[in-house]
Each structure stands twice: as C-alpha cells, then as structure tokens.
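A short write-up of the structure that comes next.
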C-alpha cells in the first residue's frame, strides 16, 4: 500500500428513523489510491452521501474505519475537502472572502495570492468582489470548488456536485473538474446518480445498492482521457452498470410499467 | 400609473369624505374639526415651534429607550441563541414577563421611577426589548445546518463560526426584531406620555383633549402615524442596504 491511500474498511452505519433502525451502509470496503478518481453511483438515498460524510469526518460510523495515510479519520480535517450539491457559499461574503474561508491561519499577501490562484484555476478571475447571488449556478459551484481546494486537500469529496445544474453546464463542469484534477492531482471521490457522469469521469465506478447500502460491483475504466462520451466501451459499461440495479428481467419490466 | 392610483385611492377617499362630512356640518367642529382648521392648527404649531418641540422630546425618549433595548436585546439574544445553558436560565421568566402588556407596567414604573424622563425611558426599554430579544434568538436558532457543516469542514474556531456563520445569518431576523422594537417604542412613548407626562406629543394630544381643541388632537394623531411610518421605512431601507442577500430571491 503506497502513501496517501484512503482505506475504507467494513464501514457500517445505521440511522434511527421513527424509533426503528435503518441500515444505511452495510460493510462497505474500498481501497482508494492516491490521485485516483472514484465515482460512486446509486439511487438517491442509498447512503452514498452518508459514506462521503463519514470520510469527511462529519459523521461517525457504527463499525469499521476510514483511514487516510494510515490515520483514522474521526473529525473533519483540512486533508479532506468536500463539495456539496448546493454550492453552500455564504451569501454575506464575497466570492473572494468565501474562497478564503479555509485560510484562517494564513494572512495578508500570501492569502490573497492563494485565493487569486484558485480563482484563476476555476476561471473566476474578475469575480472576486461579486456576491454569490450575483453568480450563475455553475459559477457558484466553481467558487465552492475553489474554496475546497485552497487548503490543498489530499482528498476531495464531491456529493452530486453538478446535480443542480442544467445538462449543458453539467457537461462543461465535468470537463472542468477533470482539468482541475489533472492539475491538482488530488484523490477525487464523486457521488452521483448519473451513470453517464460516473463513466465519463471515473477511473473506477463503485455501484452501491440501496437500503442497506452495499457495494454491488466495482468497474475499472482504463479508457484514456479525454473520453468520447459516445465510445462503444462506455456504452457497454453503462449497460453493465445499469444491469446492477435491475438484476432480473421481471424487475426491469416492473420498473417500466 | 395604475399602481399609483391603487396606492392612493383609499387615502384620498378618506380625505374627501372628511371634507364632505365637515363641509355639510354633520358633526360639531369639536368632535370632527374641518380640514381647514386642522391645517391652520398645524401651521400655527409649526410656526410657534411647539410642534417640533413636542416631537423632539418624544423622539429623544424613543432614541434613548430603544438604543438601550436594542443593545440589551441583541446581547442577551445572541447569548441565549448560542448557549443552551443561558437560554434555560432565562427563558421561563422572560417568556412570562413578555405576556404582560406594556401598558400594565406603567403604574408600577411610575411608582418606582416617578413621572420624569426615567420612567418613560424604562417603559420604552421594556416594550422594545422583547421583540429584539425574541427575534435575535430565533435568528441564531435558524442558521442553516448546511452552513454549519461547511464551517465544520474548514475546522473554524467557535469564534469564527459565530462571526462568519451564526451572526451574519441571524442579521435579517435581528433587523426584523429591531424594526418591531422601534415601532413598539414609538407606540409606547405616546401611551406613556398620555398617562403621565408634561411634555411630548402624547402629552400634547391629551392636553388638547382636556381643552376641547380637537384640531390639535388630530394634528398630533396624524403626525404620530406619519412618524411611525417613517421610522419603519428607515429600517426597511437599512436592512436592504446591510443585508442585500436577504432580499434577493
């Protein structure tokens, strides 16, 4: 096992809903190499977001462990950044101030320089003093990506980051995130219910079932980037992933009806 | 233009009916004076400086009482919002006191503080404090969990959490409280002046009533309404200026 690996081992999580236990994650284990781009697909509410929150240290798991670099993650740390479906920029701060949020212990020129550098990376130079409500959805999400990157996290977690964007902006943002990933070289873990998105972006695609959230299958995609969205290999993969969710024919028929 | 008419039709109608009723002398002038008499009285009071003096006295009382209430309300509200312990400590007595109409306090406050300036200021503080407090506590309590999660991801210190997330997120609600508090202050100062005072706009209308000068009473009442409206507007503009994000949907 090399350095900066993220090891998720036998993670289970149960929530209590109306006094009955709901098993959200059941014995999930993945080993993720440093710099790998992992996509996790599953139904809405299958526990993918919960898994990300556990990796982020925002939630505790009931059993199992998440280790980064050999260290167990118990609380949020600057090593792990997170991007949510909503941009979650603070409306009372400018883009610049939002991006600088994680740079608390750095001051003055250096801080400004880092902020400018990341705003340039996400192509928001010129919008430093704009407020979030003045930005489009895509721009706001870029600003939130910059905000997560300023700490130079080893792992970036993306929780359906483009789910709220329109289809064209989404495709554009997928290319952007690849460009940023190739430049920054952090580990990316992206959660989505969009299979096309997952196979376009990921080195590996992890398919999770819902309730309980279990890993159904993991697909390795060794196709070179930039990928052709219409590539035959990808459409075969898409079929294979699709069939994970609809294992039996009668189930598929039921879904259609 | 249509909107303009929409806004102004009703107020204009009031004035027209007033004119009509007094022109035909349906009521004695002591009960409802004609508009002419009211505007003459307004000009006379304006020229003699009595009017500005009355208003100034009342506004200064409001300024004193309201500022004290605002500072106390925001300070305690923030503390109660942030700390469950402080909240539990104060919440029962404060909620009980809040149910007492402010007017009911006036006799007791006069017993304690006399009928001078102090008693008016104290009454205003009582009246303006609660809306500020309640709204501040509410503002802090409804900070979106999403933002708190972001704060946790960046490991913000407790102080930074407060200054960057809790406080700014509560500001629109605090403004709402201040607005209510100010409008309460203005209502209460007039009430207190009517009950016990020797100056101020409330004193003036009560004094004029005892002298059967109904036109002076009406000038006073109209001004009280207009000033109240103006104070309210100041807060509407102020909050738009200071919290632009809360006004874009």
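Protein chains in written order, with my numbering: chain A, 25 to 281; chain B, 1189 to 1437.
All C-beta atoms, glycine included, are put in the ideal place defined by N, C-alpha and C.
- Two segments are said to touch when three or more pairs of C-beta atoms, one from each, lie closer than 8 Å; by this definition the region 1389-1399 of chain B does not touch the region 1201-1217 of chain B.
- Under the DSSP assignment, residue 166 (chain A) falls outside any beta strand (DSSP E), being part of the alpha helix (DSSP H) whose first and last residues are 161-173.
- In chain B, no part has a C-beta under 8 Å from the C-beta of residue 251 (chain A); the shortest such distance is about 30 Å.
- Residue 1339 (chain B) and residue 1406 (chain B) have their C-alpha atoms roughly 55 Å apart.
- By the Cβ rule, the region 189-206 of chain A does not count as touching the region 226-241 of chain A, because fewer than three pairs are nearer than 8 Å.
- Residue pairing by DSSP places residue 221 (chain A) opposite no residue, since no beta bridge is assigned to it.
- In this structure, residue 1312 (chain B) lies away from residue 1408 (chain B), with their beta-carbon atoms at least 8 Å apart.
- Here residue 123 (chain A) has 139, 142, 143, 167, 170, 171 and 174 as same chain residues with Cβ atoms under 8 Å from its own Cβ, once five neighbours each way along the sequence are excluded.
- Where residue 199 (chain A) is concerned, the enclosing alpha helix (DSSP H) starts and stops at 191-208.
- In this structure residue 1261 (chain B) is not in contact with residue 1416 (chain B), their Cβ atoms being roughly 20 Å apart against a cut-off of 8 Å.
- Residues are counted here when their Cβ sits less than 7 Å from a Cβ of chain B; for the region 134-151 of chain A the count is zero.
- Residue-level contact by beta carbon fails for residue 120 (chain A) and chain B, as no gap is shorter than 8 Å.
- Separation of residue 1318 (chain B) and residue 1308 (chain B) (C-alpha to C-alpha, rounded to the nearest whole angstrom) is 17 Å.
- Nearest CB-CB separation between residue 1340 (chain B) and chain A: below the 8 Å threshold.
- The C-beta distance from residue 1382 (chain B) to residue 1394 (chain B) rounds to 5 Å, short enough to fall under 8 Å.
- Residue pairing from DSSP leaves residue 1399 (chain B) without any beta-bridge partner.
- Contact note: residue 264 (chain A) does not reach chain B at a C-beta cutoff of 9 Å; the least C-beta distance is about 34 Å.
- Just so you know, the alpha carbons of residue 34 (chain A) and residue 73 (chain A) end up roughly 17 Å apart.
- Interface annotation, residue 164 (chain A): not in contact with chain B, CB-CB separation never under 8 Å.
- Within the DSSP bridge table, the entry for residue 55 (chain A) names A:31 as partners.
- DSSP lists A:228 as the bridge partner or partners of residue 244 (chain A).
- At least one CB of chain A lies nearer than 8 Å to the CB of residue 1352 (chain B).
- When rounded, the separation of the alpha-carbon atoms in residue 1204 (chain B) and residue 1371 (chain B) is 29 Å.
- Of the residues B:1239, B:1327, B:1207 and B:1286, the one whose Cα lies closest to the Cα of residue 1224 (chain B) is B:1207.
- DSSP places residue 1254 (chain B) outside any beta strand (DSSP E); the residue lies instead in the alpha helix (DSSP H), whose first and last residues are 1238-1270.
- DSSP, read as helix, strand or coil, puts residue 107 (chain A) in strand.
- With its beta carbon less than 8 Å from one in chain A, residue 1343 (chain B) belongs to the interface.
- Per DSSP, residue 262 (chain A) is one residue of the alpha helix (DSSP H) stretching across 256-269.
- Excluding the 5 residues flanking it on each side, residue 1199 (chain B) has no same chain C-beta neighbour closer than 6 Å.
- In the structure shown, the three-state DSSP call for residue 118 (chain A) is coil.
- Counting of Cβ neighbours within 10 angstroms places residue 259 (chain A) among the exposed residues, the total staying below 16.
- Ranked by how close their Cα comes to the Cα of residue 163 (chain A), the residues A:189, A:80, A:89 and A:210 have A:189 in first place.
- Beta-bridge partners of residue 64 (chain A) (DSSP): A:215 and A:230.
- The beta carbon of residue 40 (chain A) lies closer than 8 Å to those of 46 in the same chain, with the five residues before and after it left out.
- In this structure, A:150 is the residue among A:150, A:38, A:248 and A:78 with its C-alpha nearest to the C-alpha of residue 120 (chain A).
- In the DSSP assignment, residue 1367 (chain B) falls within the unbroken alpha helix (DSSP H) covering 1355-1383.
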